[in-house]
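Each residue of the sequence shown is one higher than the one before, counting from 1 in our numbering.
Data block below; observations after.
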Amino acid sequence: MRILSSGNEVAGTGRQAEEVFRLCGSEKTLIGQGLRAEVARGAIDSLAERVRGFFSDRQGGPRLVMGSLPFDRSRADYLFQPEAVAMGSRSEAGKAATLPDAVHCTIRPVPAPSAYRDAVAACLEMIAASAGDAEPLTKVVLSRSLELASSHAFDAGNLIRALGRDPSVTVFSTLLPAEADAPHPLLVGATPELLVSRKGAEVVSYPLAGSARRYGDPGADRRSAAVLEGSEKDRREHQAVVDAVFDALSPYCSELTAPDGTTLRPTASMWHLGTRIVGRLKDTETPVAELAGALHPTPAVCGLPRERAAGVIGQLEGYDRGFYAGAVGWADEKGDGEWYVSIRSARLAGRHATLYAGAGIVAGSDPAGETDETSAKFVALLSALGIDEHGRPLREHAA
Numbered sequence: 001m002r003i004l005s006s007g008n009e010v011a012g013t014g015r016q017a018e019e020v021f022r023l024c025g026s027e028k029t030l031i032g033q034g035l036r037a038e039v040a041r042g043a044i045d046s047l048a049e050r051v052r053g054f055f056s057d058r059q060g061g062p063r064l065v066m067g068s069l070p071f072d073r074s075r076a077d078y079l080f081q082p083e084a085v086a087m088g089s090r091s092e093a094g095k096a097a098t099l100p101d102a103v104h105c106t107i108r109p110v111p112a113p114s115a116y117r118d119a120v121a122a123c124l125e126m127i128a129a130s131a132g133d134a135e136p137l138t139k140v141v142l143s144r145s146l147e148l149a150s151s152h153a154f155d156a157g158n159l160i161r162a163l164g165r166d167p168s169v170t171v172f173s174t175l176l177p178a179e180a181d182a183p184h185p186l187l188v189g190a191t192p193e194l195l196v197s198r199k200g201a202e203v204v205s206y207p208l209a210g211s212a213r214r215y216g217d218p219g220a221d222r223r224s225a226a227v228l229e230g231s232e233k234d235r236r237e238h239q240a241v242v243d244a245v246f247d248a249l250s251p252y253c254s255e256l257t258a259p260d261g262t263t264l265r266p267t268a269s270m271w272h273l274g275t276r277i278v279g280r281l282k283d284t285e286t287p288v289a290e291l292a293g294a295l296h297p298t299p300a301v302c303g304l305p306r307e308r309a310a311g312v313i314g315q316l317e318g319y320d321r322g323f324y325a326g327a328v329g330w331a332d333e334k335g336d337g338e339w340y341v342s343i344r345s346a347r348l349a350g351r352h353a354t355l356y357a358g359a360g361i362v363a364g365s366d367p368a369g370e371t372d373e374t375s376a377k378f379v380a381l382l383s384a385l386g387i388d389e390h391g392r393p394l395r396e397h398a399a
């Protein structure tokens, strides 16, 4: 289950620990080393209770758990206690992998771009048909994936370091539960979106919705940002997400504000509309696991209304998201913690990888435009893996 060769020793053992978790933000990097114990698996409604029970029942080891939540609220999560915790630096970021010419990688889109466009069109018809309902369908996030098969095993460490070059995102890697095709699969990615954090009484969420591609040409890049900022469709999509976060957190908070309003949030490959939401808990005993359970999945990765949108996703996407568009993070014994939305991610399993990207569909969305948006979101991951859209090594990364 090695992600990176950290070279650090588990305290008191004199041996090196395998890295099983990494969460690298702009200010700090949290690393989990070694797998000490697993939290009883279950659906998100019982997450806070299971985490609380874990700390009550077990003694010894770091007093925090880490791992990932799946997209589907009814599916089992995967959290664990590491043998040791270390703090790292973002300075480890580096170039994308340099691959030998002999590497051969096939890429199979699931669904195919044409099928994805058809799914978006079908979704728009459902949105229009629901307009007169008491609770109309207003947004659905549809995603697609790329299945990669390589002649060489994918290197999670290289991918993490390459993704870390973009200081605007939080880079993550976490062990996933064993499956038939891989005893120790990994979820690795770079997300710009904070689901929720709790530190004492302070709660923060930073939802993003509404996106546009970035360009190397400064003029084209500025125009892309201006179009996004002035887009009525994207503003409407974003406000729906913000309203949903306020609705979910309001019962827990004595005050809840968006100090900076909605602003443009850039990453290396995309522009986003983002709103940082800050609150203070009414009850300081409310743990971050309970807040994550109330928020996930937000309309940024699911849609509105949540249950209805999730049903449409299951009907139209045609594949299992698994832990994509779930959340990755940690929670400690005091109830503090951080959880990030696991978008822009890849599931790595030896010589196989699955990449994921999605787009929010609302009235006024264009099927071709949404397909192009997902293609743009794949670029960062493919480039970080050192391959182009056809699976060939990127020679510009050669030494």
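Note that beta-carbon positions come from the ideal geometry of N, C-alpha and C, so glycine has one too.
Given the structure is predicted, the values throughout are model-derived calculations rather than measurements.
Judged by DSSP secondary structure, K377 falls outside any beta strand (DSSP E) and instead within the alpha helix (DSSP H) spanning P367 to L385. Looking from the CA of T174, the closest CA among G32, R308 and A357 belongs to G32. Taking the Cα positions, V51 is about 14 Å away from Q59. The region 190-207 makes contact with the region 282-295, as at least three CB pairs between them are under 8 Å.
Per DSSP, reduced to three states, the secondary structure at P113 is helical. Taken in chain order, the complete beta strand (DSSP E) segments of 3 or more residues contained in the region 301-338 are 327-332.
Apart from sequence neighbours up to five positions away, the residues of its chain that approach R392 with a beta-carbon distance below 8 Å are C105, ordered along the chain. The C-alpha of R213 is placed about 6 Å away from the C-alpha of A376. Taking one beta carbon from each stretch, the region 330-349 and the region 190-200 have 3 or more pairs nearer than 8 Å; the two touch.
The straight-line gap separating the alpha-carbon atoms of I44 and G318 is approximately 23 Å.
One thing to note: G360 has its Cβ no nearer than 8 Å to the Cβ of S143. Using a 10 angstroms sphere on the CB of Q315, the tally of other CB atoms stays under 16, which defines it as exposed.
Of all C-beta pairs linking the region 176-187 to the region 135-150, fewer than three are shorter than 8 Å, placing the two stretches out of contact. Assigned with DSSP and collapsed to three states, L176 falls in coil, not helix or strand. Assignment of P266 by DSSP, reduced to helix, strand and coil, places it in the strand class.
Residues of the same chain with a CB within less than 6 Å of the CB of R22, apart from the 5 flanking positions on each side, are I31 and S173 in chain order. In this structure, R265 places its C-beta atom within 8 Å of the C-beta atom of P192.
The beta carbon of F154 sits closer than 6 Å to those of L348 and A353, all from its chain and outside the five residues before and after it, given in chain order. A direct Cα-to-Cα measurement between G67 and A331 gives close to 9 Å.
At a Cβ-Cβ threshold of 8 Å, L304 and L273 do not count as neighbours. I361 has V140 as its beta-bridge partners, per DSSP. Put simply, the backbone Cα of S383 is about 25 Å away from that of G329.
Judged by DSSP secondary structure, S224 falls within the alpha helix (DSSP H) whose first and last residues are P218 to E229. In terms of Cα proximity to R344, the closest of F323, E333 and R351 is F323. Where V20 is concerned, the enclosing beta strand (DSSP E) starts and stops at E19 to C24.
For K139, the number of other beta carbons within 10 angstroms of its own is at least 16, and it is reported as buried.
In this structure P367 touches A121 by the C-beta definition: roughly 5 Å separates them, less than 8 Å.
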